[in-house]
Amino acid sequence: KHNVSKRSQSVESFKVMDILQRANELQSQGHTVLHCEVGQPESGAPQTVTAAAVEALVGPPRQVLGYTDAFGLLELRKKIVNHYLKKYGNTDNGNDGDGDISGSG
């Protein structure tokens, strides 16, 4: 079971994501939408990043790429907790990363 800290329960949604969701709903209904709510990088990923991605997918030795834990990589979550411990002096929930969630969005 993952506990949600009191602090995170009080955080309001990121408004731009609410606007993006509504814009996507309107677009799916056939409305023309000019997206100005979120910046989208026009330059793409740096060449070194794309080359590393291609190498990971097709280069030798070919490795099986699997799904990560739904809550994010434990090692990453622990590093995030350590960052907050160093920067703020606490994590608000007193754990070692096992109860934290790290997502991409």
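Taken in order, the sequence shown gives residues 13 to 117; the numbers are from this note's numbering.
C-beta: ideal position from N, C-alpha, C; glycine also.
Determine the burial state of residue i: buried for a count of at least 16 other Cβ atoms within 10 Å of its Cβ, exposed for fewer.
i: Arg-89; result: buried
i: Val-50; result: exposed
i: Val-23; result: exposed
i: Val-93; result: buried
Between which two residues does the alpha helix (DSSP H) holding residue i run?
i: Tyr-100; result: 86-100
i: Ala-23; result: The amino acid at residue 23 is misidentified as Ala; the sequence shows Val. Careful: Val-23 lies outside any alpha helix (DSSP H) and carries neither H nor E.
i: Asp-30; result: 27-40
i: Leu-69; result: 59-70
Figure out for me which residue from the options has the closest Cα to the Cα of residue i.
i: Val-16; options: Gly-101, Gly-56, Phe-83 and Glu-87; result: Phe-83
i: Leu-46; options: Arg-34, Lys-99, Pro-73 and Ala-57; result: Arg-34
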